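In the working numbering, the protein residues as written are 243 to 307. Structure record follows, encoded as structure tokens.
Shown next, in the form of structure tokens:
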């Protein structure tokens with residue numbers, strides 16, 4: 243999911259700060275999600291998948307492959 247989040251964000255030409263403002267979290271949180279230092283809770287994962295228009299399977303499982 244971490245690489246998926248970074249890739250989806252970059253595809254939309256968004257900064258970590260842009261994404262953080264949309265989800266009302268800190269830019270540091272986004273950075274930590276993308277580097278694997280932290281993992282978002284399930285509610286945040288669902289919100290992010292919905293925002294990017296991808297299924298939870300794609301958001302989570304495609305990363306694992």
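By construction, the Cβ of each residue, glycine as well, lies at the ideal position given by its N, Cα and C atoms. None of the values given here were measured: they were computed from a predicted structure.
Inclusion of residue 261 and residue 301 in the CB contact set at 9 Å is not warranted, their separation being larger than that value.
Assignment of residue 268 by DSSP, reduced to helix, strand and coil, places it in the coil class. Within the same chain, 291 come within 8 Å of residue 297 by CB-CB distance, once the 5 residues on both sides are set aside. Rounded to the nearest angstrom, the gap between the Cα atoms of residue 277 and residue 286 is 16 Å. If you check the CB distance, residue 293 and residue 265 come in under 9 Å.
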